[in-house]
Structures are given as structure tokens and as C-alpha cells.
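Written out below as C-alpha cells is the structure these notes cover.
Protein chains: 2
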Amino acid sequence: MTVDGRLARGERTRNAALDAAVVLATQAGLDGLSLAQLADALGVSKSGLFAHWRSKEALQLAAIDHAVTLWKQRILAPALRAPRGVRRVRALHDARLDFYASQALPGGCFFANTQFEFNARPGPLRDRLAETYRQWAVFLEDLVQQAVDAGELPADLDVPQLAYEIDALGMAAAMHSRLLDPDAAYRHARAGLLNRLRPLCPDPTLLTEGTS
Amino acid sequence: MTVDGRLARGERTRNAALDAAVVLATQAGLDGLSLAQLADALGVSKSGLFAHWRSKEALQLAAIDHAVTLWKQRILAPALRAPRGVRRVRALHDARLDFYASQALPGGCFFANTQFEFNARPGPLRDRLAETYRQWAVFLEDLVQQAVDAGELPADLDVPQLAYEIDALGMAAAMHSRLLDPDAAYRHARAGLLNRLRPLCPDPTLLTEGTS
DNA sequence: TAAATAAGCACGACCGGTCGTATTGTTTGA
DNA sequence: TCAAACAATACGACCGGTCGTGCTTATTTA
Numbered sequence: 072m073t074v075d076g077r078l079a080r081g082e083r084t085r086n087a088a089l090d091a092a093v094v095l096a097t098q099a100g101l102d103g104l105s106l107a108q109l110a111d112a113l114g115v116s117k118s119g120l121f122a123h124w125r126s127k128e129a130l131q132l133a134a135i136d137h138a139v140t141l142w143k144q145r146i147l148a149p150a151l152r153a154p155r156g157v158r159r160v161r162a163l164h165d166a167r168l169d170f171y172a173s174q175a176l177p178g179g180c181f182f183a184n185t186q187f188e189f190n191a192r193p194g195p196l197r198d199r200l201a202e203t204y205r206q207w208a209v210f211l212e213d214l215v216q217q218a219v220d221a222g223e224l225p226a227d228l229d230v231p232q233l234a235y236e237i238d239a240l241g242m243a244a245a246m247h248s249r250l251l252d253p254d255a256a257y258r259h260a261r262a263g264l265l266n267r268l269r270p271l272c273p274d275p276t277l278l279t280e281g282t283s
Numbered sequence: 072m073t074v075d076g077r078l079a080r081g082e083r084t085r086n087a088a089l090d091a092a093v094v095l096a097t098q099a100g101l102d103g104l105s106l107a108q109l110a111d112a113l114g115v116s117k118s119g120l121f122a123h124w125r126s127k128e129a130l131q132l133a134a135i136d137h138a139v140t141l142w143k144q145r146i147l148a149p150a151l152r153a154p155r156g157v158r159r160v161r162a163l164h165d166a167r168l169d170f171y172a173s174q175a176l177p178g179g180c181f182f183a184n185t186q187f188e189f190n191a192r193p194g195p196l197r198d199r200l201a202e203t204y205r206q207w208a209v210f211l212e213d214l215v216q217q218a219v220d221a222g223e224l225p226a227d228l229d230v231p232q233l234a235y236e237i238d239a240l241g242m243a244a245a246m247h248s249r250l251l252d253p254d255a256a257y258r259h260a261r262a263g264l265l266n267r268l269r270p271l272c273p274d275p276t277l278l279t280e281g282t283s
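As C-alpha cells, then:
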């Protein structure tokens, strides 16, 4: 942000466009995202968008990055306020489900939707989404590893395995909550984590404490 | 199927079209499915498709139903050959993962892809997909309930909860296997089920036996 | 300090192409 | 001969993208 009126205006438009693009792409898909529709939502002309991104694909890539920063702000940051270890893992899981439940993105989960959209379509968008997903997986594994290091989980735990299972619970919630019963989805996803941790966790209070 | 050559020919075209439609829609999405592309793949003109379905949406709905029958043939039927109870639950889970690994549908999982495509888009297609998913969930819960009834799982088990967790493992595999490492995805999905069942299952041999 | 130039930004009009769809005509087979 | 199956063609709508233009603001020049 700058006091420079010119740059400030462009920056504002860019940000508004990316915000709207994430919302629209979450509903219609990154491919189904229409530039005319996006321009209308912004109250700008379609051709004006091409002043900021040289092609639709460039805008789509920017939208992915923008969704990552939103995800970091809304889910990672709150979770990192919880103490390291099992409680932080639980906080991350809960923050994710809270974000879904908040309907901040009415279309569900941007990443789940777009990753399923592109998982059979090679190209730059798929690569970017895959890299994004890989970073998320690494982040989740790190948090589980911290719980192991803190002695809150068994030393011989298969960390990537548990991280996979946690991610699966959240991903299923993203779909289940839109297609069937939202309440049941979030309840099952939360209980699923506790069910899985219970036999692993020597200190049961780590599973009963609230995370907020 | 009939000996009537005229009807047989139409029936053959319809079946071939639905087969191809499921494959293409798995890759490009139900909406991204192009009738021109579908007609080309069949060696048929685009307008000919409208002789069999009055609109694209009608074809899409038929494709969903067709994918259901394929799913029943390829996944449900093999699983039902396993003995009732925990072994049948495992067999279903494994059959699902085997189907993904077989690459019979190069685009991944038809249902996961399309359900994420439409989970924010109300309409007949979304309704049909939701109903399909509900039936799958019921089927899975029934199988778990049978294991409870057979005394192979605790009588006070939360059946829908466990069914949700099993489904989540498979769904995550459908995405993980396309975007990151397929081998890791299937391994984690399989191990995930055993990890979850182990504390519940009084008879450990039910978890070590092969399922094929 | 004032004028001139350049750059950022947004607009409306328009392009070629593809989409789903309707119409009309031809082939096919009992 | 009759109806089902298919082909050919065209239509209107929408797609991403380009072009020329004008307005606003920053930078350079006199």
C-alpha cells in the first residue's frame, strides 16, 4: 500500500478482483470462472482485467496464490496460537472446519474444489495446485511431528500416515457438508480426529480440552 | 438388448456414448464435457446425440446413472463376495482403491470429481449426485452395521461415524493419488482403515487376512 | 513553477471460436 | 414402406482476448 494514488487504485482493483475470483472460482471452478462475470461483479470492464493479468491463466494462478494467503490468515494463523503438540494439531483441524462452517466461501473449499477439478488435467494450474497441496501436507506433518517430539504421541508413530488421515477427515467434510448434512459432517470430522488420537495419546486431557 | 437390429443399434450407440461420457466427464467435469468432443470420440455427429437425449442435462443425468452401475459392477459386486462383517468392509475399501489404482477411469474418481464440481451449484445434477452419494453412504453404513451385528465390532459403535471415516480415507486417496504420490495415497488409505479398526476389533485375524 | 511527456488504468467495441441446440434431410433395416 | 438412427448445416449466446481511445496521475523538462 502506498499514498501514490495511481498505484493504490490499481492495487485496490487487483485485490478486489482476486477476492472475487476466489469466491467465484470456488463456486464455478477455476475453469468455469467467467471473466465477464468477474468484471461485472467488480463493476469494471472485462478488458480492464487484462491490464492487470495478461491472460485468464495468469489470473487463475494469482487467484490460487491469493487463496493460499487467505488460508494462512484464516486457518494457519489461528492454529499457531495454540500450544505446540497435540493441541495445535487439534486447533488446526478445528480451524479448518470452523472456516468451512463460517461460509466465508459460500462455495465450499476452494482447494478441494479446484484440486478435484484439475487432478486429471496436466498443466500449469494443476502444477500450482499440486505444489500448494504438497505444502499443506508438509505443514500438517510438521505439526504432528512436533507432537511426537513433545512426547505427546508415540515416538514410532508413522507421521505422514496420521497426517494423511487428518487431512482426509477435513476434505470429506468439505464435500459432505455441501452435499448432505453439514452438522453431521463437521461432527464426524471432529470426532474422527479424537477417535484416531485416543489410542495414541497417553495424556487424555490433551483430547478433552477446548482448543479456542 | 433385443434382436431387433434397429433398436439394438440405438442401444449400442447409447451405451457407447454413456461409457465415453463417464470417461470424459471424469476428466473434464460434467459441465466441461463437450458434446462435440463426445460425438467425435464416438465417430458420430453431434446432432445424433440429441436423438437419444433431449438435452445435455438429460445426457449428464444418464451419465451419472451409468457411472453408478459401473461402480456397482466394479466395486460393490466384488466386495459382496467377501464374508459379511469386518472382512467385507475391508473388501469394499480395497475394491475401491483397486479400482482407482487400475486407472479404468484415467481421470480419477467420477463421483469425487463431479460432486466437488457441483457441491455449490444447486440444480437437478447436484440433486442427483447428492442422492447417489447418500445411497453410497447408506450402503457403507449397512456393511459396518453387519460387522457390529456379527459381533466383530463393539455393539455401542457409532456406525455412521466409522462409515464417514472410511469414506474419507477413500475420497482423499482419489485426490492424493492424482496430485501427489499414488503409491503413498493407496498405502495410507489402506493402513488408515486398519489403524482405525485395530482398537475396535477383538479378533485381530480379521485385520490381517487378505481380502481377495 | 508551468508545460510537456510518459505511465497506469479503465473503457466500449469487436474478433474468431466454441458452446448447446433446432431444423431439415438422408440412410438404414425390419 | 415406415420409423428409427444419423448427418449436415445453421443459429444465437457466450467465451477469452485484442484494439483503439481517453482519463488520471507521476515524471521530466523548460
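Protein sequence lines, in the order shown, are assigned to chains F and G.
If you count by my numbering, then the first sequence holds residues 72 to 283, one letter each, in order.
If you count by my numbering, then the second sequence holds residues 72 to 283, one letter each, in order.
Cβ atoms here follow ideal geometry from the backbone N, Cα and C, with glycine treated the same way.
Non-local C-beta neighbours of residue 238 of chain G in its own chain, meaning closer than 8 Å and more than five positions away in sequence, comprise 207, 208 and 211, ordered along the chain.
Residue 124 of chain F carries a coil assignment under DSSP once its states are collapsed to helix, strand and coil. DSSP places residue 184 of chain F in the uninterrupted alpha helix (DSSP H) bounded by 181 to 189. Residue 218 of chain F and residue 139 of chain F do not touch by the CB rule: their CB atoms are close to 24 Å apart, not below 8 Å.
As the crow flies, the alpha-carbon of residue 280 of chain G is around 8 Å from that of residue 158 of chain G.
Residues 267 of the same chain have their beta carbon placed closer than 7 Å to that of residue 236 of chain F, with the five preceding and five following residues left out of the count. Between the alpha carbons of residue 214 of chain G and residue 165 of chain F lies a distance of about 29 Å.
Minimum Cα-Cα distance from residue 100 of chain G among the listed residues G:128, G:144 and G:163 corresponds to G:128. Residue 189 of chain G is positioned such that its CB atom lies closer than 8 Å to that of residue 200 of chain G. Contacts with chain F at 8 Å (Cβ-Cβ) do not include residue 128 of chain G. In this structure, DSSP gives residue 177 of chain F a state outside helix and strand, which the three-state scheme calls coil. Within the region 243 to 254 of chain F, those residues whose Cβ lies closer than 9 Å to any Cβ of chain G are, in chain order, 243, 244, 245, 246, 247, 248, 249, 250 and 251. The residues 230, in chain order, have a CB closer than 6 Å to that of residue 216 of chain F in the same chain once the five nearest residues on each side in sequence are set aside.
Contiguous alpha helix (DSSP H) elements confined to the region 212 to 258 of chain G occur at 230 to 250, taking only those with 4 or more residues.
For residue 112 of chain G, the uninterrupted alpha helix (DSSP H) run begins and ends at 106 to 113, by DSSP. Excluding residues up to 5 positions away in sequence, 123 lie with their Cβ nearer than 7 Å to the Cβ of residue 85 of chain G in the same chain.
Under the DSSP assignment, residue 101 of chain F falls outside any alpha helix (DSSP H); it carries neither an H nor an E label.
Cβ proximity to chain F below 8 Å picks out 192, 197, 200, 201, 204 and 205 from the region 192 to 207 of chain G.
Separation of the CB atoms of residue 168 of chain G and residue 257 of chain G is rounded to 5 Å, and the pair is thereby assigned contact status at 8 Å.
Around the Cβ of residue 263 of chain F, a 10 Å sphere holds 16 or more other Cβ atoms; the residue is buried. Interface criterion not met: the Cβ of residue 222 of chain G is under 8 Å from no Cβ in chain F. For residue 270 of chain F, the C-beta contacts it makes with chain G under 8 Å involve 269 and 270, in order along the chain.
Rounded to whole angstroms, the gap between the alpha carbons of residue 90 of chain G and residue 116 of chain G is 17 Å. Nearest to residue 179 of chain G by alpha-carbon distance, out of G:94, G:88, G:270 and G:276, is G:94. Distances from the CA of residue 143 of chain F to each of F:163, F:154 and F:191 were compared; the closest alpha carbon is that of F:163.
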